[in-house]
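Engineer: Using this note's numbering, you'd call the opening residue of the sequence shown number 12 and step up by one each time. C-beta atoms are modelled at their ideal positions from N, C-alpha and C, and glycine is treated no differently. Take this structure first; my questions come after.
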Amino acid sequence: MITSKTNELVKHIKSLQQKKYRDLLGEYVIEGIKIVEEAIKQSEEIVKIVVSESFQETLSSSNIEIVSDSIFHWISDTQTPQGVLAILKKKRQVPISGDIVFALDNVQDPGNVGTIIRTLDAAGIQDLILTEGCADVYSPKVVRSTMGGILRVNLVHTSHLEETIKQVKEQGYQVVVTSLDTTKLIYDIHFHQKQFIIIGNESKGVSLPVQELADKKVKIPMPGKAESLNASVAASIIAYEAVRQKMN
Numbered sequence: 012m013i014t015s016k017t018n019e020l021v022k023h024i025k026s027l028q029q030k031k032y033r034d035l036l037g038e039y040v041i042e043g044i045k046i047v048e049e050a051i052k053q054s055e056e057i058v059k060i061v062v063s064e065s066f067q068e069t070l071s072s073s074n075i076e077i078v079s080d081s082i083f084h085w086i087s088d089t090q091t092p093q094g095v096l097a098i099l100k101k102k103r104q105v106p107i108s109g110d111i112v113f114a115l116d117n118v119q120d121p122g123n124v125g126t127i128i129r130t131l132d133a134a135g136i137q138d139l140i141l142t143e144g145c146a147d148v149y150s151p152k153v154v155r156s157t158m159g160g161i162l163r164v165n166l167v168h169t170s171h172l173e174e175t176i177k178q179v180k181e182q183g184y185q186v187v188v189t190s191l192d193t194t195k196l197i198y199d200i201h202f203h204q205k206q207f208i209i210i211g212n213e214s215k216g217v218s219l220p221v222q223e224l225a226d227k228k229v230k231i232p233m234p235g236k237a238e239s240l241n242a243s244v245a246a247s248i249i250a251y252e253a254v255r256q257k258m259n
């Protein structure tokens with residue numbers, strides 16, 4: 012049993028709470044029994060599973076280290092840890108393939124990014140593109156917010172969204188941006204066609220160069236007095252409009 016904060020594995024896990032080490036090592040941490048079990052079932056590339064001394068569940072993996080309860084609390088990023096976490100290799104990027112693809116243009120709040128991933132997972136939308144200005148999808152807060160969706164949604168990072176837009180247009184996608192500067196509503200999107208939906212920054216919206224490349228601008232009707240919607244709420248409303256159209 013590991014009982015020291017100076018243990019190399021303990022220091023390694025602690026370092027992964029920082030983005031620079033996640034980027035350097037190409038690894039991140041998931042925490043909780045359900046998501047660790049799912050990572051095992053999906054044959055994710057697991058570096059190590061770590062459990063606390065009082066952890067009672069059985070995991071179908073031999074790649075397990077046991078640490079004292081106090082050490083587990085120290086390396087955990089949650090207030091009430093379940094006693095199990097795993098180090099995973101970051102997901103390999105694969106090309107988009109779904110008929111509906113979402114993209115985030117500098118969405119910076121980790122809770123928003125995580126909730127959007129969770130929502131797309133629930134809605135059966137498999138591809139999400141993120142610009143460099145977005146919150147790190149592998150940060151502990153984002154990973155927790157996805158509720159396991161990070162294992163199922165294809166996450167593609169781009170440093171040039173404008174170039175990505177040109178590429179998806181060549182693949183037959185209609186590019187749609189959210190904007191208040193339009194009379195068209197989200198209900199004018201026809202989700203039986205290939206759609207590339209861009210959600211903008213929480214305060215600035217979709218950047219102007221990206222808006223200029225869009226095929227269509229749409230907005231969510233807001234008959235009340237609020238001037239805007241939370242980015243994750245907006246993405247959820249659009250994603251479930253897609254679900255509604257496909258179910259009908």
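Let's test the definition: count the other Cβ atoms within 10 Å of the Cβ of glutamate 42 and tell me whether it reaches 16, buried, or not, exposed.
Structural biologist: When all chains shown are included, glutamate 42 counts as buried.
Engineer: Given asparagine 117, which residues of its chain have a CB within under 8 Å of its CB, disregarding the five upstream and five downstream residues?
Structural biologist: Counting only Cβ-Cβ distances below 8 Å, and skipping sequence neighbours, we find Thr142, Gly144, Cys145, Gly211, Asn212, Lys215 and Ser218.
Engineer: In this structure, does DSSP put glutamate 38 in helix, strand or coil?
Structural biologist: Strand at glutamate 38.
Engineer: Rounded to the nearest angstrom, how far is the Cβ of aspartate 188 from that of glutamine 137, given a contact under 8 Å?
Structural biologist: Looking at the sequence provided, one finds valine at residue 188 rather than aspartate. Contact doesn't hold; Cβ gap of about 21 Å is too wide.
Engineer: Does DSSP classify isoleucine 136 as helix, strand or coil?
Structural biologist: Isoleucine 136: coil per DSSP, three-state reduction.
Engineer: In the DSSP assignment, find the unbroken alpha helix (DSSP H) run with valine 244 in it and report its ends.
Structural biologist: Run containing valine 244: 242-258, per the alpha helix (DSSP H) assignment.
Engineer: Determine the extent of the beta strand (DSSP E) in which valine 179 is found, giving its start and end residues.
Structural biologist: Not the beta strand (DSSP E): valine 179 falls in the alpha helix (DSSP H), residues 172-181.
Engineer: Within a Cβ cutoff of 8 Å, which residues of the same chain sit near lysine 257, ignoring the five residues on either side of it in sequence?
Structural biologist: Once the five neighbours on either side are set aside, the close Cβ partners of lysine 257 are Phe202 and His203.
Engineer: Rounded to the nearest angstrom, how far is the Cβ of alanine 245 from that of threonine 130, given a contact under 8 Å?
Structural biologist: That pair is no contact at about 10 Å.
Engineer: In terms of alpha-carbon separation, which member of Leu70, Lys101 and Ile60 lies closest to isoleucine 86?
Structural biologist: For isoleucine 86, the nearest C-alpha among the options comes from Ile60.
Engineer: Give the range of the alpha helix (DSSP H) segment to which leucine 219 is assigned.
Structural biologist: Leucine 219 -> alpha helix (DSSP H) spans 219-224.
Engineer: Going by the CB atoms, is the gap between valine 167 and valine 78 shorter than 8 Å?
Structural biologist: No, these two residues do not count as a Cβ contact at 8 Å.
Engineer: Does the contact criterion of 3 or more C-beta pairs under 8 Å hold for the region 89-102 versus the region 66-75?
Structural biologist: The region 89-102 is in contact with the region 66-75.
Engineer: Using three-state DSSP, classify serine 156 as helix, strand or coil.
Structural biologist: Correct three-state label for serine 156: helix.
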